[in-house]
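Peer 1: Have a look at this one before I ask anything.
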Amino acid sequence: MKLRVALGADHGGFSLKNELVTRLHETFEVLDLGSRTFDRDDDYPDFALAVAQAVASGQAQRGILVCGSGVGACIAANKVRGARACLCHDTYSAHQGVEHDDMNILCLGARVVGTELAGELVDAFLKVNFSGETRHRRRLEKVLAIEQQALQSER
Ligand code: RB5
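Everything in the sequence shown is counted per our numbering, starting at -2 for the first residue and increasing by one.
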């Protein structure tokens, strides 16, 4: 079964997101969560929310968010419980973040990286899985406990 990958971008990441959608179509099941049209007044949190919810709910196994720097989308996505979004502009972090930290959303800055590097970052992110090694699982459980505590303190 093909891995389902959700993508989203604001106006800052619009072109790069579309290029990635085209590139990924052959190998993955692609869920394009917008923007579908260029709108320079759109806002990255809307697309970050859509992608983060798709991943957190299991509708997609991985997510990719693109904005101008990748920063805003990353901040917004991590507000959704279950999202582990990271801005990675080097290939080591793009795969190690999955293997060690179970990162499930890759954030990219279209004003920072070119198309070719973005493609390599996405390949590095999608070709690996969480290792599940005891030490990484222990650390992930501690991260999830922080998330759980934050939710409980709001009640
Ligand atoms: C939009 O101009 C820009 O601020 C946004 O795409 C992103 O870079 C935010 O982090």
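Idealized CB from N, CA, C, for every residue including glycine.
1. Rounded to whole angstroms, what's the CA-CA distance from Asp36 to Arg132? Just pull it up for me.
2. Using the DSSP secondary-structure output, state which residues sit across from Leu62 in a beta bridge.
3. Who sits around ligand 1, taking every residue whose Cβ is closer than 6 Å to one of its heavy atoms?
4. Would you kindly work out how many angstroms separate the C-alpha atoms of Arg108 and Gly60, rounded to a whole number?
5. Consult DSSP for Asp29 and reduce its assignment to one of helix, strand or coil.
6. Roughly how many angstroms separate the alpha carbons of Leu102 and Asn75, rounded to a whole number?
7. Please go through the same chain and pick out, in chain order, the residues whose beta-carbon is closer than 6 Å to the beta-carbon of Thr112, but skip the five residues on each side of it.
8. Based on the DSSP secondary-structure assignment, which residues constitute the bridge partners of Cys85?
9. Quick one: using the 10 Å Cβ neighbour count with 16 as the cut-off for buried, is Tyr89 buried or exposed?
10. Count the other CB atoms, across all protein chains shown, that sit within 10 Å of the CB of Val140; report buried if there are 16 or more and exposed otherwise.
11. Quick one: grab the DSSP three-state call for Phe163.
12. Since Val52 and His92 should fall inside the 8 Å C-beta cutoff, what is the C-beta to C-beta distance between them, to a whole number of angstroms?
13. I'd like the list of long-range same chain contacts for Phe11, defined as Cβ closer than 7 Å, with 5 residues on each side in sequence excluded.
Peer 2: Inspection of the coordinates gives the following:
1. 44 Å
2. Gly5 and Cys104
3. Asp7, Gly9, Tyr41, Cys64, Gly65, Ser66, Val68 and Gly69
4. 19 Å
5. strand
6. Note that residue 102 corresponds to Ile in the displayed sequence, not to Leu. Each residue's alpha carbon lies about 9 Å from the other.
7. Glu16
8. In the DSSP output, where bridge partners are listed per residue, Cys85 has none listed.
9. exposed
10. exposed
11. Only positions -2 to 152 of the chain appear in this structure, which leaves residue 163 out of reach.
12. Not really, about 17 Å apart at Cβ, beyond 8 Å.
13. Ser32 and Phe35
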